[in-house]
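Shown next, in structure tokens, is the structure this report addresses.
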Amino acid sequence: MQPVVVPEPGGSVRVAGRRVTVGELASVIASADPASRWTWDDTNRWYPALLAAGVRVERAYDLRLAHRILRRSALATWPEPDDAEPGSWDTRPPAPLTSVRDEPAMLFPAPGPTDDVPEPDPVAELALQDAVVAGSAAAGRLRLLLAAESAGALAAVEMFHAGLPWLADVHDAVLTETLGPRPRLGERPARLEELAHHIRAALGAPATLNPDSPRDLLRAIERAGVGARSLRKWELERLDHPVVEPLLEYKSLYRLLTANGWAWLDAWVRDGRFRSEYVVGGVVTGRWASSGGGALQLPKSVRRAVVADPGWTFVVADAAQLEPRVLAAMAGDEVMAAAGRGPDGRGADMYEGIVASGAVPTRELAKVGMLGAMYGGTTGSSGQVLPRLAKAFPRSLAFVDEAARAGERGEIVTTHLGRSSPLPGATWHEAQSGAYQDDAGDDDVAKARSYARSWGRFTRNFVVQGTAAEWALCWLASIRRRLWALGVSSAPEASAGPVPVPFAGRPHLVFFVHDEIVVHTPADLADAVAAEVQAAAAEAGRLLFGDFPVQFPLSFAVAASYADAK
Numbered sequence: 029m030q031p032v033v034v035p036e037p038g039g040s041v042r043v044a045g046r047r048v049t050v051g052e053l054a055s056v057i058a059s060a061d062p063a064s065r066w067t068w069d070d071t072n073r074w075y076p077a078l079l080a081a082g083v084r085v086e087r088a089y090d091l092r093l094a095h096r097i098l099r100r101s102a103l104a105t106w107p108e109p110d111d112a113e114p115g116s117w118d119t120r121p122p123a124p125l126t127s128v129r130d131e132p133a134m135l136f137p138a139p140g141p142t143d144d145v146p147e148p149d150p151v152a153e154l155a156l157q158d159a160v161v162a163g164s165a166a167a168g169r170l171r172l173l174l175a176a177e178s179a180g181a182l183a184a185v186e187m188f189h190a191g192l193p194w195l196a197d198v199h200d201a202v203l204t205e206t207l208g209p210r211p212r213l214g215e216r217p218a219r220l221e222e223l224a225h226h227i228r229a230a231l232g233a234p235a236t237l238n239p240d241s242p243r244d245l246l247r248a249i250e251r252a253g254v255g256a257r258s259l260r261k262w263e264l265e266r267l268d269h270p271v272v273e274p275l276l277e278y279k280s281l282y283r284l285l286t287a288n289g290w291a292w293l294d295a296w297v298r299d300g301r302f303r304s305e306y307v308v309g310g311v312v313t314g315r316w317a318s319s320g321g322g323a324l325q326l327p328k329s330v331r332r333a334v335v336a337d338p339g340w341t342f343v344v345a346d347a348a349q350l351e352p353r354v355l356a357a358m359a360g361d362e363v364m365a366a367a368g369r370g371p372d373g374r375g376a377d378m379y380e381g382i383v384a385s386g387a388v389p390t391r392e393l394a395k396v397g398m399l400g401a402m403y404g405g406t407t408g409s410s411g412q413v414l415p416r417l418a419k420a421f422p423r424s425l426a427f428v429d430e431a432a433r434a435g436e437r438g439e440i441v442t443t444h445l446g447r448s449s450p451l452p453g454a455t456w457h458e459a460q461s462g463a464y465q466d467d468a469g470d471d472d473v474a475k476a477r478s479y480a481r482s483w484g485r486f487t488r489n490f491v492v493q494g495t496a497a498e499w500a501l502c503w504l505a506s507i508r509r510r511l512w513a514l515g516v517s518s519a520p521e522a523s524a525g526p527v528p529v530p531f532a533g534r535p536h537l538v539f540f541v542h543d544e545i546v547v548h549t550p551a552d553l554a555d556a557v558a559a560e561v562q563a564a565a566a567e568a569g570r571l572l573f574g575d576f577p578v579q580f581p582l583s584f585a586v587a588a589s590y591a592d593a594k
């Protein structure tokens, strides 16, 4: 059953043959068949209010996300030409989740249709998408991708709803310990002010020098004859000058202050929870992004504030060497897949397995070489080791090389399930055509080659990173389903505390970044959660690659503090 949620003028909703108010939608969904796949224009628009009413949706289909994939996929034939003007489905951004949190009285904050500005028809869009998928020779893969993307959207809203447990007093203590007491508005923390004094003294600069200004700082460095042309860490570290040490520390602490300082704490942590607004498929490869809060870049120093509720704990898991394993499976490279299986066939460190195969002498060279193969590194240690890897694993290296050549030719590439890369832009095409003009010089030819190689590096990595993102989506969807099936903990302390319905007493996802997940769980269910997370990884591998013999082992930690798990 696939009921479609259709917004109508006047604030009503048509769903499953009934017209109801938006306030009645939660009860309609709660009383329906749990196996229903609810279809709507945007998960961010409808799901937050359902969760606030205690209603969890098992399955959904997000038309906005699916449209974006199908419109660009080389595995699907869209009825409109590629150069057609973008329609309303192409330009719709996800509804902001922060407005739901800030205005809890508004059950469904997204505006409804009006007679003057009708909304796109979700029923017609679903019919179109179904026809496009059915007409594809890779319909099964596309359906899996669209289902996984939609499940990811549900998980993203659920993680925003539940929030990542966060102790504001611990965060404040970390900042005070590192930076000094919280300063008054417009002032620097004591440690930064002290370092600023040392920087000025080392450069012989006046008290007016502002180390927060890269432009002013570079001028002062030039006047002092330091010899640095930029403020990049690697360039400063190789210099022998008294300004280097205080400047590097200043840069590090300033980054902490601006990215996760007191202003961040005030803005993003409420009622003991950090709620990040994930952007599903926010990166062109299908990886997620975040809108505000910097959830995907939480520094180690503030992870001490991420503490589970009393009676609860965290299960933290991340996939080991995910991208090389995905590459081996995509390329059908059984030799490289074997390097990641280990002697017992249950999964081992792939880089150590590459060393054991005799391809390279050290784990570090194996890692550097594989990263070079997937990201296009051709210099230094990576460039030196690539020929040896190509000899040991010819299928995998040939796979990414062909993706790179396609990019250099200006072609698109596609992930395993069907997400396609964009075409290069006008600047790229201008550079290529410029190299073939009658008056083209050596600089024009060099520019065209540089642009071609750059786009080739992008497409080389796109196929691997994008397929790894698909594996992670399937993993996340399986974890989400399995955690719910574990049910409610019987421990008395599990039902207390700030965990909101419908997750009170239940293990639930609270954090996700690329190949790592964090589950907040009643402590008595931690072992069961870990087992389900591992089973979900195996399931994701089977969904994508069938019986191809590739393993996706996980590293686990169970800890009450996120800092202790990393």
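Take the sequence shown: its letters are residues 29 to 594, numbered as in the working numbering. The C-beta atom is built at its ideal place from N, Cα and C for all residues, glycine as well.
Residue i versus the options, residue with shortest Cα-Cα distance
| i | options | result |
| --- | --- | --- |
| R301 | P193, A155 and G494 | P193 |
| E521 | T549, L501 and G469 | T549 |
| G335 | P530, S59 and A588 | Note that residue 335 corresponds to Val in the displayed sequence, not to Gly. Nearest option by C-alpha distance: A588. |
| W503 | D471, S318, I440 and A347 | A347 |
| Q513 | E392, A556 and H542 | Residue 513 is actually Ala in this sequence, not Gln. Nearest option by C-alpha distance: A556. |
| L326 | T286, P338 and V343 | T286 |
| P638 | E436, P530, T119 and G435 | Residue 638 lies beyond the stretch modelled for the chain, which goes from 29 to 594, so this question has no answer here. |
| D552 | P535, E458, L103 and V344 | P535 |
| V578 | M358, R508 and A420 | M358 |
| L425 | R437, G438 and G405 | G405 |
| H365 | D472, A167, V34 and D575 | Note on identity: in this sequence residue 365 is Ala, with His being the wrong assignment. Checking every option, the nearest Cα to that of A365 belongs to D575. |
| P121 | D70, E153, P415 and Y75 | D70 |
| V202 | L125, R331 and P76 | R331 |
| F342 | A58, A291 and I545 | I545 |
| R437 | V83, S478 and T407 | S478 |
| T126 | A224, A88, A248 and W296 | W296 |
Secondary structure of residue i, DSSP reduced to three states
| i | result |
| --- | --- |
| P141 | Residue placement at P141 is flagged as unreliable, the pLDDT there being 45, under the threshold of 50; the coordinate-derived value follows with that caveat. Residue state, collapsed to three classes: coil. |
| H542 | coil |
| L537 | strand |
| E90 | Here residue 90 is Asp; the residue named in the question, Glu, does not match the sequence. If DSSP states are grouped into helix, strand and coil, D90 belongs with the strands. |
| F576 | coil |
| F188 | helix |
| P193 | strand |
| E36 | coil |
| T407 | coil |
Residue i burial status per 10 Å Cβ neighbour count (16 or more: buried)
| i | result |
| --- | --- |
| N238 | exposed |
| A616 | The displayed coordinates of the chain run from 29 to 594. Any statement about residue 616 would go beyond what the structure contains. |
| S241 | exposed |
| E567 | buried |
| M187 | buried |
| G368 | buried |
| V492 | buried |
| D467 | exposed |
| W262 | exposed |
| V151 | exposed |
| R315 | buried |
| H444 | buried |
| M134 | The predicted position of M134 is uncertain, since its pLDDT is 38 and thus under 50; a value taken from the coordinates is nonetheless stated next. Looking at its Cβ environment, which holds fewer than 16 other Cβ atoms inside 10 Å, M134 is exposed. |
| T442 | buried |
Spatial distance of residue i from residue j (CA atoms)
| i | j | result |
| --- | --- | --- |
| G484 | G400 | 13 Å |
| M398 | S506 | 29 Å |
| A60 | R374 | 41 Å |
| W68 | A123 | 12 Å |
| G309 | R433 | 25 Å |
| K475 | S449 | 22 Å |
| S319 | Y464 | 43 Å |
| L207 | N288 | 12 Å |
| L582 | R46 | 46 Å |
| L220 | R260 | 19 Å |
| V363 | A558 | 29 Å |
| H269 | Y590 | 38 Å |
| L79 | R210 | 36 Å |
| A63 | M29 | 7 Å |
| F136 | A323 | The pLDDT assigned to F136 is 43, lower than 50, so where the model puts this residue is not dependable; a value taken from the coordinates is nonetheless given after this. So the alpha carbons of these two residues sit roughly 25 Å apart. |
| A235 | E222 | 12 Å |
Distance CB(residue i)-CB(residue j) smaller than 8 Å
| i | j | result |
| --- | --- | --- |
| L170 | S178 | no |
| Q157 | H199 | no |
| V428 | V413 | no |
| V538 | G191 | yes |
| V85 | L213 | no |
| K279 | K594 | no |
| A252 | L267 | no |
beta-carbon residue i near the ligand GDP non-hydrogen atom, thresh 7 Å
| i | result |
| --- | --- |
| A558 | This structure lacks the ligand GDP; in fact it carries no ligand of any kind. |
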